[in-house]
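Presented below is the structure to which this report refers.
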Amino acid sequence: MRRIIFVLCICLFLIPSNASAAPKKDRAYYETRGEIVWEITTDQKVIALTFDDGPHPEYTAQILDLLKQYEAKATFFVVGNKVKLYPDVLLRTLNEGHEIANHTYSHAYLSKKNNIKKEINKTEELIYATTGSRCQLFRPPGGFYNDRLVSIVRAEGYKVIMWSWQLDTKDWSTPGVNKIVNRVLNNSKNGNIVLFHDYIEGPTQTIAALKIILPELKRRGYRLVTVSELLNYNKAIPAKIH
Ligand SMILES: [Zn+2]
104 MRRIIFVLCI CLFLIPSNAS AAPKKDRAYY ETRGEIVWEI TTDQKVIALT FDDGPHPEYT
164 AQILDLLKQY EAKATFFVVG NKVKLYPDVL LRTLNEGHEI ANHTYSHAYL SKKNNIKKEI
224 NKTEELIYAT TGSRCQLFRP PGGFYNDRLV SIVRAEGYKV IMWSWQLDTK DWSTPGVNKI
284 VNRVLNNSKN GNIVLFHDYI EGPTQTIAAL KIILPELKRR GYRLVTVSEL LNYNKAIPAK
344 IH
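Here my numbering = 1-based position in the sequence shown + 103.
Here is the structure:
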C-alpha cells in the first residue's frame with residue numbers, strides 16, 4: 104500500500120503543473136492582446152519621448168523650450184497633485200502640441216490600499232478642468248501592473264503605456280548627464296519609447312542631457328512624436344505562416 108501511495112505521489116509530481124493552468128501573464132501576454140504597450144514595431148524613424156511626474160514650474164518649462172527648439176513633440180504623464188499646483192504649465196504643454204497623459208493623483212503605487220480608479224478619475228477631472236481635454240493614456244507609477252490594474256485602466260478608457268526596457272534613463276536618480284545621454288543614444292531604435300522625468304526633487308540632469316540628445320536624434324533623422332502618434336505607426340506583427 105505504502106508503495107502504491109509513493110508511486111502515486113511521484114506521478115502527480117511528474118504531471119506538468121501548467122497542463123491546465125492559465126497562460127503565463129508575461130509581457131508577451133499583455134503585448135499581443137494590445138493591453139499594454141512597451142514600444143512598437145515600425146520601419147519609420149519615429150521615437151516617443153515621455154516625461155513623468157510633473158508638471159514642475161521650472162524643469163517642465165525648460166524642457167518645453169528645448170522641445171520647441173528642436174521641433175520635437177513629447178508625452179507628459181502628469182500627477183494630479185502637481186497639476187493642481189501648476190495648471191499654467193500643463194496648459195502651456197498642451198498648447199505647444201504635446202500630449203498629456205495620466206499618472207495617478209498622488210503617484211500611488213499599485214497596492215490594495217490605493218484606490219487606483221479614484222486616483223485616475225481625480226487626475227482626469229483636474230486635467231479636464233484645466234485644459235478642456237481628456238487623456239487616452241495611463242502609465243502606472245513605478246511601472247507596476249497586474250490584471251486588476253489593467254482591467255480598471257481599460258474600463259476607464261485608457262491604454263496602459265510603459266517604456267522600452269533599454270530606454271529607462273533613471274534620470275530621477277541623477278546618474279550623471281553622460282549616463283543619461285549614452286543610455287538614449289546607444290539604444291534608441293525605430294518605434295521606441297524613452298522614459299525621462301520632468302519632476303524630481305533637487306537638481307535635475309535631464310535638461311543638460313536633452314541638450315545633447317535632441318540635436319543628435321534629429322541629426323540621425325528621427326522624428327520625435329507623441330505616444331498616441333507613435334501608436335499609429337504600429338505594424339501589426341503578421342501571424343506565422345507554416
Ligand atoms: Zn512616476
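The C-beta atom is built at its ideal place from N, Cα and C for all residues, glycine as well.
How far does the beta strand (DSSP E) with residue i in it reach, from first residue to last?
i: residue 205; result: 202-205
i: residue 297; result: 296-300
i: residue 264; result: 262-264
i: residue 178; result: 177-181
Please name the residue in the options whose C-alpha comes closest to that of residue i.
i: residue 307; options: 143, 160, 133 and 145; result: 160
i: residue 130; options: 268, 215 and 177; result: 268
i: residue 318; options: 259, 179 and 172; result: 172
i: residue 196; options: 220, 236, 224 and 219; result: 236
i: residue 332; options: 150, 126, 136 and 125; result: 150
i: residue 261; options: 289, 226, 278 and 291; result: 226
i: residue 299; options: 313, 290, 224 and 305; result: 313
i: residue 337; options: 179, 135, 125 and 245; result: 135
i: residue 200; options: 291, 168 and 248; result: 168
i: residue 142; options: 198, 323, 188 and 266; result: 266
i: residue 244; options: 213, 256, 224 and 228; result: 213
i: residue 228; options: 202, 208 and 170; result: 208
For residue i, which residues from the same chain have a beta carbon less than 8 Å from its beta carbon, with the 5 sequence-adjacent residues on both sides left out?
i: residue 116; result: Reliability of the predicted coordinates at residue 116 is poor, the pLDDT of 47 falling under 50, and the value obtained from them is presented with this limitation in mind. Closer than 8 Å at Cβ, skipping near neighbours: no residue.
i: residue 233; result: 186, 190, 193 and 194
i: residue 253; result: 133, 138, 139 and 263
i: residue 279; result: 308
i: residue 250; result: 128
i: residue 231; result: 237
Quick one: what's residue i bridged to in DSSP?
i: residue 247; result: In DSSP, residue 247 forms no bridge with anything.
i: residue 313; result: None, per the DSSP bridge assignment.
i: residue 149; result: 326
i: residue 168; result: Answer by DSSP bridge pairing: none, since residue 168 is not bridged.
i: residue 271; result: 298
Rounded to whole angstroms, how far is the Cβ of residue i from the Cβ of residue j, which I believe are closer than 8 Å?
i: residue 163; j: residue 330; result: With a Cβ gap of about 17 Å, residue 163 and residue 330 do not count as contacting.
i: residue 293; j: residue 145; result: 5 Å
i: residue 205; j: residue 241; result: 5 Å
i: residue 259; j: residue 220; result: 7 Å
i: residue 320; j: residue 327; result: 6 Å
Below 6 Å CB to CB, which residues in the same chain sit around residue i once its five sequence neighbours on both sides are set aside?
i: residue 211; result: 217 and 222
i: residue 303; result: 275
i: residue 325; result: 148 and 150
i: residue 156; result: 182, 300 and 302
For the alpha helix (DSSP H) containing residue i, list its first residue and its last residue.
i: residue 190; result: 190-198
i: residue 220; result: 219-234
i: residue 143; result: Premise fails: residue 143 is in no alpha helix (DSSP H) and is neither H nor E.
i: residue 216; result: That residue, residue 216, is in no alpha helix (DSSP H); it is neither H nor E in DSSP.
i: residue 282; result: 280-290
i: residue 132; result: 130-135
Once you ignore the five residues that flank residue i on each side, which residues in its own chain have a CB closer than 7 Å to its CB?
i: residue 287; result: 270, 272, 297 and 316
i: residue 114; result: Because the pLDDT at residue 114 is just 44, under 50, the model does not fix this residue reliably, and the value given afterwards should be weighed accordingly. Excluding positions up to five away in sequence, the list is empty.
i: residue 165; result: 310
With a cut-off of 9 Å, does the C-beta of residue i fall near any C-beta of chain B?
i: residue 225; result: No chain B is present in this structure, which holds just one protein chain.
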